[in-house]
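> Quick one: structure below, then a few questions.
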Amino acid sequence: MKTTLTAALLVGASALAVQAQDITLRVADSLPVDHYMTRGVLEPLMAQVGKATGGAVEFQHFPAEQLGKAKDLLSLAQDGVADIAYVGASYVADKLPLSSVGELPEAFTTSCEGTKAFWEIAKPGGALDQAEYAPQGVRALAVLVLPPYQVFSAREITGLDSLKGQKVRATGAAKQIALTKLGAVPVAMPAPETREALSRGTVDAIAFPHGSILPYDLVPHLKTATEGANFGSFVATWMISQSKFDSLPENVQTALTEAGAAATLNGCAETDAATDSDKQTIADGGVTFVTLPEADAASLAETMATVGDEWAAELDGRGKAGTEILKAFRNALPE
């Protein structure tokens with residue numbers, strides 16, 4: 021009896037030691053310092069985890085591709101170089117093709133509408149988590165789907181015909197399919213490379229949300245932009261490997277899970293709240309916003325309506341469950 025009690029006490033003491041042990045998690049991303057996604061998602065997540073664990077968990081943040089390029093961050097999380105990594109779905113479309121479902125020009129007009137729907141399928145246990153994240157050995161702690169993209173150009177935009185022949189930076193298959201249909205030439209490129217590409221004329225235009233124009237200092241290289249259009253979106257995720265998550269004490273797992281869900285909602289709310297002011301700042305910098313003619317707007321909507329089904333069919337042809345994930349995402353969107 022004494023031996024059993026002693027063993028139990030030792031096990032309990034060991035567990036408490038693990039709970040109390042200071043933990044430092046390395047976070048890697050490709051975003052500029054003080055980027056709105058960092059302020060809206062990552063910083064609240066880190067702060068809530070620190071508070072929930074009584075300061076036992078700390079974070080080392082490596083922004084601006086300090087640990088690796090945007091396209092490599094998923095691998096850094098999988099390999100343990102980073103504990104948590106910012107992963108843009110379209111940057112790793114070869115590994116996470118289904119995740120670009122949130123980048124389709126679907127029926128959402130705000131970040132929160134898209135984010136809440138995507139979170140339903142991406143959170144642990146969701147359809148996307150089971151189909152794609154779990155097989156890759158990762159889990160999403162938080163996500164952010166940006167508001168519908170506009171096209172910002174160094175040239176004059178008067179209508180859809182203005183886009184024909186323009187080299188347009190666009191990430192992800194969805195936006196590339198759409199721009200090709202419109203006669204533009206899509207160029208795959210991560211956000212950190214866009215300023216140099218515009219300044220050198222490597223691209224004529226970019227598909228971007230308002231909020232991302234300012235952090236990358238793109239206004240001086242732009243002349244006009246579409247207004248009220250929908251050229252698709254962008255899915256940002258903050259990933260941790262499942263093996264790393266499993267190695268953490270239960271209280272830390274709970275703290276990360278709860279903080280990630282809260283940060284997801286906070287991030288989209290802050291993104292939506294800043295959209296109008298960001299747009300005004302861009303306009304004040306000399307960029308003219310252009311509303312497409314009514315016929316062009318109708319044509320764009322018709323073109324975009326086919327993109328989702330084509331994206332799903334293309335993935336189904338490669339043995340990926342594109343149709344099922346698209347259906348799950350659409351079902352999660354507000355009616």
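Each residue of the sequence shown is one higher than the one before, counting from 21 in our numbering.
Note that beta-carbon positions come from the ideal geometry of N, C-alpha and C, so glycine has one too.
Given the structure is predicted, the values throughout are model-derived calculations rather than measurements.
Where do the N-terminal and C-terminal ends of the alpha helix (DSSP H) with residue 215 fall, by residue?
Start and end: 214 to 220.
> Within the same chain, show all residues whose beta-carbon is closer than 6 Å to that of residue 58, passing over the 5 residues directly before and after it, in chain order.
Closer than 6 Å at the Cβ level, and outside the excluded window around residue 58, lie 51.
> Alpha carbons only, please: which of 147, 43, 292 is nearest the one belonging to residue 368?
Because the chain is modelled from 21 through 355, residue 368 falls outside the range shown and cannot be assessed.
> Please check the pair residue 256 and residue 106, which I expect to be a contact at CB under 8 Å, by giving their CB distance rounded to whole angstroms.
Sure, about 7 Å apart at Cβ, within 8 Å.
> Under DSSP, the beta strand (DSSP E) around residue 190 begins and ends at which residues?
Element bounds for residue 190: n/a, residue is neither H nor E.
> If you count every other CB in all the chains shown that lies within 10 Å of the CB of residue 53, and 16 or more means buried, which is it?
Exposed, since its Cβ has fewer than 16 Cβ neighbours within 10 Å.
> For residue 214, which residues of its own chain have a beta-carbon under 7 Å away from its beta-carbon, when the five flanking residues on both sides are left out?
The answer, listed in chain order, is 189, 226, 236, 238.
> Tell me which residues share the same chain as residue 90 and place their Cβ nearer than 7 Å to its Cβ, disregarding the 5 neighbours each side in the sequence.
The residues are 50, 108, 111, 210, 212.
> Taking Cβ to Cβ, would you say residue 174 is nearer than 9 Å to residue 221?
Yes.
> Shortest alpha-carbon distance to residue 281 belongs to which of 76, 161, 94, 116?
Among 76, 161, 94, 116, the Cα nearest to that of residue 281 belongs to 161.
> Does residue 157 pass the burial test, meaning 16 or more other C-beta atoms within 10 Å, or should it be called exposed?
When all chains shown are included, residue 157 counts as exposed.
> How many whole angstroms separate the CB atoms of residue 352 and residue 141, which I take to be in contact at a CB cut-off of 8 Å?
Contact holds; Cβ gap of about 6 Å.
> In terms of residues, what are the limits of the alpha helix (DSSP H) holding residue 173?
Element bounds for residue 173: not the alpha helix (DSSP H) but the beta strand (DSSP E), 170 to 173.
> For residue 354, count neighbouring C-beta atoms within 10 Å of its own C-beta (all shown protein chains included) and say buried if the count is 16 or more, exposed if not.
By the neighbour-count rule (16 or more Cβ atoms within 10 Å), residue 354 is not buried but exposed.
> Residue range of the alpha helix (DSSP H) that residue 273 falls in?
Residues 270 to 304.
> Does DSSP put residue 177 in a helix, in a strand, or in coil?
The answer is coil: DSSP assigns residue 177 none of H, G, I, E or B.
> Would you call residue 204 buried or exposed, if buried means 16 or more other Cβ atoms sit within 10 Å of its Cβ?
Residue 204 should be labelled buried.
> Spell out a yes or no on whether the segment 257 to 272 and the segment 175 to 195 are touching, meaning 3 or more CB-CB pairs, one atom from each, closer than 8 Å.
Contact fails: fewer than three Cβ-Cβ distances are below 8 Å.
> Where does residue 86 sit, in a helix, a strand or coil, going by DSSP?
Here residue 86 sits in coil by DSSP.
> With three or more beta-carbon pairs closer than 8 Å as the criterion, would you say the segment 338 to 352 touches the segment 143 to 157?
Touching, yes, given that three or more Cβ pairs across the two stretches are closer than 8 Å.
> Between residue 341 and the rest of its own chain, which residues show a CB-CB distance below 6 Å, the 5 nearest in sequence each way excluded?
Result list for residue 341: 151, in chain order.
> Mark residue 170 as exposed unless 16 or more other C-beta atoms lie within 10 angstroms of its C-beta, in which case mark it buried.
Residue 170 should be labelled buried.
> Leaving out the 5 sequence neighbours to the left and right, which residues in its chain are closer than 7 Å to residue 120 when beta-carbon positions are compared?
The residues are 109, 110, 113, 192, 193, 194, 255.
> Going by C-alpha to C-alpha distance, which of 137, 136, 322, 295 sits closest to residue 56?
Closest option to residue 56, Cα to Cα, is 295.
> Find the nearest neighbour of residue 127 within the set 326, 62, 344, 259, judged by alpha-carbon distance.
Nearest option by C-alpha distance: 326.
> So is residue 184 buried or exposed if we call it buried at 16+ other beta carbons inside 10 Å?
Flag for residue 184 reads exposed.
> In angstroms, rounded to a whole number, what distance separates the CA positions of residue 76 and residue 43?
Distance between the alpha carbons of residue 76 and residue 43: 6 Å.
> Please report the straight-line C-alpha distance between residue 15 and residue 345, rounded to a whole angstrom.
The structure shown does not extend to residue 15, since the chain is modelled only from 21 through 355, so no value can be given for it.
> Along the chain, where does the alpha helix (DSSP H) containing residue 64 start, and where does it finish?
Taken as a continuous stretch (DSSP letters only), the alpha helix (DSSP H) holding residue 64 covers 63 to 72.
> For the putative contact between residue 102 and residue 47, defined by C-beta atoms under 8 Å, what is the C-beta separation to the nearest angstrom?
That belief holds up - the Cβ atoms of residue 102 and residue 47 are roughly 7 Å apart, short of 8 Å.
> Just grab the DSSP bridge partners of residue 258 for me.
Note: residue 258 sits in a beta bridge opposite 106, 162.
> Tell me residue 81's beta-bridge partners as DSSP assigns them.
Residue 81 is bridged to 47.
> Counting only the same chain and skipping the five closest in sequence on each side, list residues whose C-beta sits under 8 Å from that of residue 176.
Once the five neighbours on either side are set aside, the close Cβ partners of residue 176 are 182, 243, 244.
> Does the separation of the CB atoms of residue 153 and residue 324 fall below 9 Å?
No, Cβ-Cβ distance for residue 153 and residue 324 is not below 9 Å.
> Helix, strand or coil, according to DSSP, for residue 333 in the structure here?
If DSSP states are grouped into helix, strand and coil, residue 333 belongs with the helices.
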